[in-house]
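Peer 1:
Numbering (our numbering), first residue to last: 70 to 384.
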């Protein structure tokens, strides 16, 4: 069977909205294999010697200076979920850890995400990442040398899975000019109740990348403001200019086996998971290998460089 990439209708939706949902992109047999591998990873990783690094999002997060996080470029590492408020007016936390920092959830139910080199270290995830389909999709999107730079399982645990605030992926995965695209595969059904994605359609056309996450000379990481012209020609619209642009978030619930493509400049987010159901997904990001990727980026290439989708033989 010939793999042809995206249709003209799919490309039109992508170019207009900055994201694309492809139902049944992978078979249910592949989904089961990946779910089984995820469960195995969660149940078998050792707590002994783990620094108990917690993963959150936002400008002020402390985890992004953690060596366990920064040196995960060629490894499979496990990042814990932080607590959630029981109620907006409550100071009590319902999460993986007690107020004194003790783990109070089973470890398999306490992990926020696993990363960042599943595509090279886990055979099932490597097999489904480096495929003719993914190479063909990347080619359809205009990539000349698509590089898989990092990969993650995001667990969105039942009742404690934290919200991911509105963001643009190219802020964290930066090339000059920006080129990141997320390949986001649902391993379970995603719903408004368990924290499905939502997008601001078309925001990739008017929301430039204003900053990037970099390694600081003194250690750790921080955000560096970008100069005008470093955002791939995108200029922010405001006031009257943005009227009619539809800057509200649109929910994107999907069934397991679906692929969601995410433009690196599109604004997207997900809400807390306060439901009894997890929301496991696998995502990897592709960047243009012909664009500069400098030594200041928080995630550095492993020895031998990033994985090249062009090395995959087309069917």
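Ideal Cβ placement from N, Cα and C applies to all residues, glycine included.
Between which two residues does the beta strand (DSSP E) containing residue 119 stretch?
Peer 2: On the chain shown, position 50 is the one that residue 119 refers to. Premise fails: residue 119 is in no beta strand (DSSP E) and is neither H nor E.
Peer 1: Out of 328, 111, 339, state which residue places its alpha-carbon closest to the alpha-carbon of residue 94.
Peer 2: Reading the chain shown from its first residue, position 25 is the one you call residue 94. Answer by Cα proximity: 328.
Peer 1: Let me know the alpha helix (DSSP H) ranges lying completely inside the segment 199-274, each 4 residues or longer, listed in chain order.
Peer 2: If we require 4 residues or more, the alpha helix (DSSP H) runs fully inside the segment 199-274 come out as 201-209.
Peer 1: Residues in the same chain with beta-carbon distance under 7 Å from residue 325, minus the five sequence neighbours each way, listed in chain order, please.
Peer 2: For the purposes of this step, residue 325 is identified with residue 256 of the chain shown, where counting begins at 1. Only 100, 255, 256, 257, 258 meet the Cβ criterion.
Peer 1: What first and last residue would you give for the beta strand (DSSP E) that runs through residue 339?
Peer 2: Here residue 339 corresponds to residue number 270 of the chain shown, with the count starting at 1. Residues 337-339.
Peer 1: Under a Cβ-count criterion, where at least 16 other Cβ atoms within 10 Å of its own Cβ denotes burial, should residue 342 be classed as buried or exposed?
Peer 2: The residue you call residue 342 lines up with position 273 of the chain shown. Flag for residue 342 reads buried.
Peer 1: Within 10 Å of its beta-carbon, does residue 285 have 16 or more other beta-carbons around it, so buried, or fewer, so exposed?
Peer 2: If you number the chain shown from 1, residue 285 lands on position 216. Residue 285 is exposed by the Cβ-count criterion.
Peer 1: How far does the beta strand (DSSP E) with residue 294 in it extend, from its first residue to its last?
Peer 2: As a first step, residue 294 is located in the chain shown; it is residue number 225 there, counting from the start. Where residue 294 is concerned, the enclosing beta strand (DSSP E) stretches over 290-294.
Peer 1: How long is the line joining the alpha carbons of residue 146 and residue 135, rounded to whole angstroms?
Peer 2: Numbered from its first residue, the chain shown carries residue 146 at position 77. Numbered from its first residue, the chain shown carries residue 135 at position 66. Answer to the nearest angstrom: the Cα atoms are 12 Å apart.
Peer 1: Does DSSP put residue 77 in a helix, in a strand, or in coil?
Peer 2: Translated into positions along the chain shown, residue 77 becomes position 8. Of the three classes helix, strand and coil, the one that applies to residue 77 here is helix, per DSSP.
Peer 1: Mind checking whether residue 235 and residue 278 have CB atoms under 8 Å apart?
Peer 2: If you number the chain shown from 1, residue 235 lands on position 166. If you number the chain shown from 1, residue 278 lands on position 209. No, these two residues do not count as a Cβ contact at 8 Å.
Peer 1: Which term fits residue 373, buried or exposed, when burial requires 16 or more other beta carbons within 10 angstroms of its beta carbon?
Peer 2: As a working note, residue 373 is residue 304 in the chain shown. Its Cβ having fewer than 16 others within 10 Å, residue 373 is exposed.
Peer 1: Quick one: what does DSSP say residue 114 is sitting in, helix, strand or coil?
Peer 2: Locating residue 114 in the chain shown gives position 45, where the first residue counts as 1. Coil.
Peer 1: What residue does the beta strand (DSSP E) around residue 189 start on, and which one ends it?
Peer 2: The residue given as residue 189 occupies position 120 in the chain shown. Careful: residue 189 lies outside any beta strand (DSSP E), inside the alpha helix (DSSP H) at 187-190.
Peer 1: Only counting the same chain, and skipping five residues up and downstream in sequence, which positions put a Cβ closer than 8 Å to that of residue 367?
Peer 2: Taking the chain shown and counting its residues from 1, the one referred to as residue 367 is at position 298. Correct list, in chain order: 133, 139, 241, 282, 283, 284, 290.
Peer 1: If I measure Cβ to Cβ from residue 174 and keep anything under 6 Å in the same chain, skipping five residues before and after, which residues do I get?
Peer 2: Residue 174 sits at position 105 when you count from the first residue of the chain shown. Closer than 6 Å at Cβ, skipping near neighbours: 165.
Peer 1: For residue 294, which residues of its own chain have a beta-carbon under 6 Å away from its beta-carbon, when the five flanking residues on both sides are left out?
Peer 2: Position 225 of the chain shown, counting from 1, holds the residue named residue 294. The residues are 280.
Peer 1: Out of 273, 194, 225, point me to the one whose CA is closest to residue 261's CA.
Peer 2: As a working mapping, residue 261 is identified with position 192 in the chain shown. It is 225.
Peer 1: Following the continuous alpha helix (DSSP H) through residue 137, name the residue where it begins and the one where it ends.
Peer 2: As a working mapping, residue 137 is identified with position 68 in the chain shown. Unbroken alpha helix (DSSP H) run through residue 137: 136-139.
Peer 1: Kindly identify the DSSP beta-bridge partner or partners of residue 88.
Peer 2: Within the chain shown, the letter at position 19 stands for residue 88. Note: residue 88 sits in a beta bridge opposite 331.
Peer 1: Starting from residue 383, trace the beta strand (DSSP E) both ways and give me its first and last residue.
Peer 2: Against the chain shown, residue 383 aligns to sequence position 314. That residue, residue 383, is in no beta strand (DSSP E); it is neither H nor E in DSSP.
Peer 1: Residues bridged to residue 366 by DSSP?
Peer 2: Stepping through the chain shown from its first residue, residue 366 is reached at position 297. According to DSSP, residue 366 bridges with 283.
Peer 1: What does DSSP give as the partner residue(s) for residue 360 in the beta ladder?
Peer 2: Here residue 360 is taken as the residue at index 291 of the chain shown, counted from 1. According to DSSP, which records beta bridges pairwise, residue 360 is partnered with nothing at all.
Peer 1: Alpha carbon to alpha carbon, what distance is there between residue 111 and residue 229?
Peer 2: Indexing the chain shown from 1 puts residue 229 at position 160. Indexing the chain shown from 1 puts residue 111 at position 42. In a straight line, the C-alpha of residue 229 is about 16 Å away from that of residue 111.
Peer 1: With three or more C-beta pairs closer than 8 Å as the rule, is the segment 246-255 touching the segment 70-83?
Peer 2: No, because fewer than three Cβ pairs between the segment 70-83 and the segment 246-255 fall closer than 8 Å, the two stretches do not touch.
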